[in-house]
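Visitor:
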Amino acid sequence: MIDINDAKAQFELYLSHYDRTDDKINLKAIHTYCVLEAADAICKGENFSQEDHQLALLIALLHDIGRFEQLKSFHSFDDKIFNHGDFGVKALFEDGLIRRFLADDQYDAIIRKAIQYHSIYSLDDVEGLTERELLHCRIIRDADKLDNFRVKDTERIETLFDTPEKEVAMEEITPRILETVRACRCVVSGDRVTHMDCWVSYLAFIFDLNFRASFQWIQERDYMNRNIDRMEYKNPQTKAAMEEIRVICNDFVRKHAGVHHEA
0 MIDINDAKAQ FELYLSHYDR TDDKINLKAI HTYCVLEAAD AICKGENFSQ EDHQLALLIA
60 LLHDIGRFEQ LKSFHSFDDK IFNHGDFGVK ALFEDGLIRR FLADDQYDAI IRKAIQYHSI
120 YSLDDVEGLT ERELLHCRII RDADKLDNFR VKDTERIETL FDTPEKEVAM EEITPRILET
180 VRACRCVVSG DRVTHMDCWV SYLAFIFDLN FRASFQWIQE RDYMNRNIDR MEYKNPQTKA
240 AMEEIRVICN DFVRKHAGVH HEA
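Heads up: the sequence shown begins at 0 in numbering that gives the first Met the number 0, then just goes up one per residue.
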């Protein structure tokens with residue numbers, strides 16, 4: 000049986016080992032609870048069973064548990080330096096941390112795979128997932144992306160990029176990135192050259208959302224426009240490209256906010 004309130008208490012004990020006054024660590028602590036909120040909305044909106052609902056909340060609580068050691072050690076979100084998904088799986092299942100959050104092991108395989116795959120580019124090449132494992136991979140991937148829009152709406156650009164906002168606002172968007180958005184695809188991280196490419200890649204997360212409730216979440220909060228309007232783009236090429244991106248992304252969200260996901 001999953002006791003989400005007890006799991007939250009255990010999570011707070013885990014966080015007590017990290018410096019919550021650090022901007023990046025505090026950002027991820029807040030992000031965790033907001034992802035939990037987004038997962039809750041997806042489960043309610045899609046009418047999932049109570050058991051899967053509670054399991055999705057637990058996965059949301061634990062999905063970024065590897066981030067805190069990454070930030071403590073490297074003060075960076077760069078997974079090329081430290082893969083937070085792999086470390087989270089190791090801490091939970093090889094070091095036994097999962098038993099602090101859940102007494103029995105009946106959900107371990109689902110939790111493990113959902114955390115391991117929550118931030119990879121695509122699930123298309125992942126083989127051997129059961130239907131239920133795939134469901135929970137999709138829920139956490141959507142919930143994680145949904146809160147990313149809140150983060151980009153509220154956090155300082157300097158915290159996100161370790162670069163002054165005025166410098167980011169001067170950058171160009173690489174043509175390959177713009178073509179990817181035009182094709183309604185997520186951006187491959189290796190294709191990103193500038194910080195502005197990264198900014199656009201966050202907007203392109205919508206192209207990997209799985210549930211109608213997720214698109215409704217974006218639409219109700221007007222996150223596409225809010226994120227795009229965060230910066231005053233000083234580069235004419237970038238300013239024009241962002242307006243094209245605004246149209247593409249808003250049209251995509253409107254179209255899918257009224258369409259059920261088909262597994």
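Virtual Cβ for every residue (Gly too), placed ideally from N, Cα, C.
1. Indicate whether I176 and V186 have their beta-carbon atoms separated by less than 8 Å.
2. Is it right to say D85 is buried, meaning 16 or more other beta carbons lie within 10 angstroms of its own, or is it exposed?
3. Rounded to whole angstroms, what is the Cα-Cα separation between N82 and H16?
4. Taking DSSP as the reference, what is the three-state secondary structure of A262?
5. Could you give the DSSP three-state label for F210: helix, strand or coil?
6. Output the distance between the C-alpha atoms of T153 and D228, rounded to the nearest integer angstrom.
7. With a threshold of 7 Å on Cβ separation, who are the neighbours of V252 within its own chain once the five nearest residues in sequence on each side are excluded?
8. Between the C-alpha atoms of T31 and K233, what's the straight-line distance to the nearest angstrom?
9. I1 and L54 look like a contact to me (Cβ under 8 Å); what is the Cβ gap, rounded to whole Å?
10. State the DSSP-derived secondary structure class of T179, mapped to helix, strand or coil.
11. Counting along the chain, where does the alpha helix (DSSP H) carrying F92 start and finish?
12. From K27, I64, G44 and I3, pick the residue whose C-alpha is nearest to that of R211; which is it?
13. Does the distance from the C-beta atom of K151 to that of H74 stay below 8 Å?
14. Alpha carbon to alpha carbon, how far is S121 from Y13?
15. Rounded to whole angstroms, what is the Cα-Cα separation between G87 and D63?
16. Classify E45 as helix, strand or coil using the three-state DSSP reduction.
17. Leaving out five residues on either side along the sequence, give the residues of the same chain with a beta carbon under 6 Å from the beta carbon of A90.
18. Going by DSSP in three states, F100 sits in which element: helix, strand or coil?
Guide: To lay it out plainly:
1. yes
2. exposed
3. 20 Å
4. At A262, the pLDDT of 40 sits below 50, so the modelled position is not reliable; the number obtained from the coordinates is stated separately. In the structure shown, A262 sits in coil (DSSP, three-state: anything other than H, G, I, E or B).
5. coil
6. 12 Å
7. I205, F214, I217, Q218 and M223
8. 33 Å
9. 6 Å
10. helix
11. No alpha helix (DSSP H) holds F92; DSSP gives it neither H nor E.
12. G44
13. no
14. 30 Å
15. 7 Å
16. coil
17. L96
18. coil
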